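Q: Attaching a single structure in structure tokens format; questions to follow.
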Amino acid sequence: MKRYLFVLRKPPHSGAQVQEMLDIILTTAAFDQHVSILLLDDGVFQLKNSQNPEIAGMKDTAAIFKALEIYDVNDIYTEVESLQERGLKPGDLCLPVQEFYRKDIAGLMKRFDVVFAG
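If you count by our numbering, then the sequence shown holds residues 1 to 118, one letter each, in order.
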């Protein structure tokens with residue numbers, strides 16, 4: 001079984017690319033592959049609590065992230081600096097995350113066979 005890491009850098013509701021990445025994540029996980037997610041930069045907003053995308057006619061991506069547990073996607077990583085630069089703390093997120101410092105991200109990525117960035 002290959003280990004996949006999906007890197008999300010864009011904020012939720014920023015276009016079709018985010019939804020496409022989530023579709024790829026779900027598809028990969030459905031084939032019993034080991035899937036992990038790394039949220040960097042504005043991607044950390046993907047898990048921010050209290051979003052109301054329905055007001056703008058968008059899908060609630062946080063709900064999709066919560067459903068990932070059904071597919072055994074439990075390893076969600078964030079970068080400490082990405083959270084800090086946006087005034088967020090892990091408690092502001094709708095799912096538990098593992099935090100890594102920016103200097104350790106390259107080492108984290110080396111643990112995976114395939115890395116998708118979007």
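Quick reminder that beta carbons are idealized off the backbone N, C-alpha and C, glycines included. No experiment lies behind these values; they were computed from the predicted model shown.
With H, G and I counted as helix, E and B as strand and the rest as coil, what does DSSP make of SER14?
A: coil
Q: LEU47 and CYS94: beta carbons closer than 8 angstroms?
A: yes
Q: Mapping DSSP to helix, strand and coil, what is ARG3?
A: Reduced to three states, the DSSP call for ARG3 is strand.
Q: Give me, in chain order, the residues of the same chain whose beta-carbon lies closer than 6 angstroms to that of ILE64; leave out the 5 immediate sequence neighbours on both sides.
A: LEU22
Q: What is the DSSP secondary structure of LEU93, counted as helix, strand or coil?
A: Three-state result, LEU93: strand.
Q: For the ligand MG, is there any heavy atom lying closer than 7 angstroms to the beta carbon of VAL35?
A: This structure lacks the ligand MG; in fact it carries no ligand of any kind.
Q: My understanding is that PHE112 touches LEU8, with C-beta atoms under 8 angstroms, so please give their C-beta distance in whole angstroms.
A: With 8 angstroms as the limit, PHE112 and LEU8 do not qualify as a contact, their Cβ atoms being about 14 angstroms apart.
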